[in-house]
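Visitor: Pasting in a structure now, in structure tokens, and then I'll have a few things to ask.
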Amino acid sequence: MKSQPPQVARHPNRPTFLDIALNITDKFVELHGDRGGLDDPAVVCGLGDIDGVTYLFVGHQKGRNTKENIYRNFGMPQPNGYRKALRFMRHADKFGIPIVTFVDTPGAYAGKAAEELGQGEAIAVNLREMFGFRVPILSVVIGEGGSGGALAIGCANRNLIMEHAVYYVASPEACAAILWKSREKAGTATEALRITSTQLHAQGIMDEIVPEPLGGAHADPMGAFPFIREAVTRNFAHYASMTEEEIKVDRYAKFRRLGMFEEYIVRGGDRAGALEERRALYAAGGATTPAGTVCATPEEAELVELLADADAKWDELVADKGEWIRRPAQPSGLARSGTMWAVGNAVQKPRPSVPPGGPAGGPGGGGGGATRASPVEVADSST
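In structure tokens form, the structure reads like this:
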């Protein structure tokens with residue numbers, strides 16, 4: 301059945317965040333409050349120890365039955381839930397505590413009260429602040445990850461997803477209602493959205509798939525916990541020797557690499573032919589900008605030069621603005637905000653590769669120093 305993946309991810313017997321936190325840690329203490337007088341039950345935060353290492357755990361929490369789901373608002377946080385999460389993530393960043401987030405929500409609550417309290421602003425602030433944290437962040441999708449409600453605690457150095465979980469910008473039912481004016485097309489929308497763990501991993505959106513026991517985590521929750529614990533400890537071990545600046549650059553570059561594509565039009569849809577044509581242009585010498593960047597044609601070189609000039613102008617503008625309340629900034633490991641092709645080449649230290657024993661990593665995996673990839677290599681690696 302085409303619509304099966306989201307139904308499995310929403311199974312009422314799947315382990316919730318609290319189930320996981322209490323079973324993968326040696327000790328777990330829940331923390332409460334957003335320092336604004338509110339405490340959203342849909343978001344749970346706490347400190348947990350695994351093998352002597354303390355982590356901050358943040359996750360969406362659903363209920364087991366109707367009464368619990370009403371109390372937890374079906375895992376859909378209010379703005380105060382995201383502000384509570386941000387409060388404790390700032391605490392972890394201050395004291396050097398690694399952060400683990402567990403995503404399991406159909407989306408942020410979209411009610412009138414939530415909008416009045418600043419739902420969009422709360423999510424946006426979380427996105428901004430998480431990119432500036434000095435400690436490593438790991439995010440695990442354990443059920444369903446819906447839209448900005450999931451991303452608000454999902455801006456991590458590495459994004460993991462359980463085998464039968466899903467991650468989407470809109471639920472298949474909502475997508476079907478918008479595109480086909482019928483919720484009966486949810487199965488078709490599921491295929492079109494590419495929301496399953498294998499599809500997300502193949503596209504580089506997720507860095508690793510956490511396996512589940514035979515039949516799924518909902519059939520054997522106790523069998524699923526060791527897989528999650530092992531994945532958490534193994535991935536955090538990669539960042540033990542990295543500096544604070546390298547951790548921030550790693551997180552920033554990961555998201556800048558998502559969705560890279562060839563910035564030229566392929567006539568008639570002949571992608572293979574277009575790539576061969578570009579290779580021939582490079583082989584013939586192509587063209588270069590005054591700074592020495594290799595391009596396929598003089599027109600392309602002129603465009604790159606214009607973009608570089610625009611970047612330089614923006615840098616000068618920002619440097620002269622003394623009245624900024626929160627000055628726009630980015631990690632020093634990246635030369636400038638620039639165009640997408642420049643970001644991956646400017647990273648000072650590549651993202652760590654996944655060690656033997658774990659599934660293949662995301663698009664940033666691999667060792668070695670920083671290198672400048674040719675546009676052809678970038679085009680071949682894009683999806």
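In this text, residue positions in the sequence shown follow this note's numbering: the first is 301, and each later residue adds one.
Backbone N, C-alpha and C fix where the C-beta goes; we use that ideal spot for every residue, glycine too.
These numbers come from a predicted model, not from an experiment.
Let me check one thing: in DSSP terms, what residues is ALA587 bridge-paired to?
Guide: Bridge partners of ALA587: CYS595.
Visitor: Which ranges does the beta strand (DSSP E) cover as unbroken runs of at least 3 residues, wholly within the stretch 459-508, from first to last along the chain?
Guide: Segments of the beta strand (DSSP E) lying fully in the stretch 459-508: 466-468.
Visitor: Out of GLU616, CYS455, ASP340, VAL466, which one is the CA nearest neighbour of ARG383?
Guide: That would be ASP340, whose Cα lies nearest to the Cα of ARG383.
Visitor: By the 10 Å Cβ neighbour count, where 16 or more other Cβ atoms means buried, how is ALA619 classified, buried or exposed?
Guide: Looking at its Cβ environment, which holds fewer than 16 other Cβ atoms inside 10 Å, ALA619 is exposed.
Visitor: Near VAL469, which residues of its chain fall below 6 Å by C-beta distance, leaving aside the five closest residues on each side in sequence?
Guide: Only SER447 meet the Cβ criterion.
Visitor: List the endpoints of the continuous alpha helix (DSSP H) containing LEU347.
Guide: LEU347 -> not in any alpha helix (DSSP H); beta strand (DSSP E) instead, spanning 343-350.
Visitor: Please report how far the alpha carbon of GLU429 lies from the alpha carbon of ILE397, in whole angstroms.
Guide: Their Cα atoms are separated by approximately 16 Å.
Visitor: For ALA587 and ALA580, what's the separation of their Cα atoms in angstroms?
Guide: For ALA587 and ALA580, the distance between alpha carbons rounds to 12 Å.
Visitor: Within its chain, find whatever has a CB closer than 6 Å to the CB of ASN535; leave out the 5 residues flanking it on each side and keep chain order.
Guide: The residues are LEU438, ARG458.
Visitor: Take GLY348 as the anchor and find which of LEU514, PHE395, GLU330 has the nearest alpha-carbon.
Guide: Here the closest residue by C-alpha is GLU330.
Visitor: Let's test the definition: count the other Cβ atoms within 10 Å of the Cβ of ASN313 and tell me whether it reaches 16, buried, or not, exposed.
Guide: When all chains shown are included, ASN313 counts as exposed.
Visitor: Assuming VAL358 and ILE399 form a contact by the criterion Cβ under 8 Å, report the distance between their Cβ atoms to the nearest whole angstrom.
Guide: That belief holds up - the Cβ atoms of VAL358 and ILE399 are roughly 7 Å apart, short of 8 Å.
Visitor: Would a C-beta distance cut-off of 8 Å place LEU500 and TYR467 closer than the cut-off?
Guide: Yes, the Cβ-Cβ distance between LEU500 and TYR467 is below 8 Å.
Visitor: For the pair the stretch 478-486 and the stretch 503-517, tell me if three or more CB-CB distances fall below 8 Å.
Guide: The stretch 478-486 vs the stretch 503-517: no contact.
Visitor: From the DSSP output, in three-state form, read off HIS360 for me.
Guide: Three-state result, HIS360: strand.
Visitor: What does PHE402 pair with, by DSSP beta-bridge criteria?
Guide: The partner list for PHE402 (beta bridge, DSSP) reads GLY359, VAL440.
Visitor: Would you tell me roughly how many angstroms separate the C-alpha atoms of THR593 and ASP609, rounded to the nearest one?
Guide: Spanning the two alpha carbons is a distance of roughly 14 Å.
Visitor: Give the straight-line distance between the Cα atoms of ALA553 and ILE547, rounded to the nearest whole angstrom.
Guide: The straight-line gap from Cα to Cα measures roughly 10 Å.
Visitor: Only counting the same chain, and skipping five residues up and downstream in sequence, which positions put a Cβ closer than 7 Å to that of THR325?
Guide: Closer than 7 Å at the Cβ level, and outside the excluded window around THR325, lie GLY348, ASP349, ILE350.
Visitor: Let's see if you can read the secondary structure: which residues bound the alpha helix (DSSP H) around GLU416?
Guide: Segment 412-416, the alpha helix (DSSP H) holding GLU416.
Visitor: When DSSP builds the beta bridges, which residues end up paired with THR354?
Guide: BP columns for THR354 point to ASP349.
Visitor: Are MET376 and THR401 touching if we call contact CB-CB under 8 Å?
Guide: Not in contact: MET376 and THR401 (Cβ atoms no closer than 8 Å).
Visitor: Give me whichever residues DSSP pairs with LYS327 in a beta bridge.
Guide: BP columns for LYS327 point to ASP349.
Visitor: Output needed for PRO598: all residues of its chain with C-beta closer than 8 Å, excluding positions within five of it in sequence on either side, in chain order.
Guide: Contacts found: ALA587.
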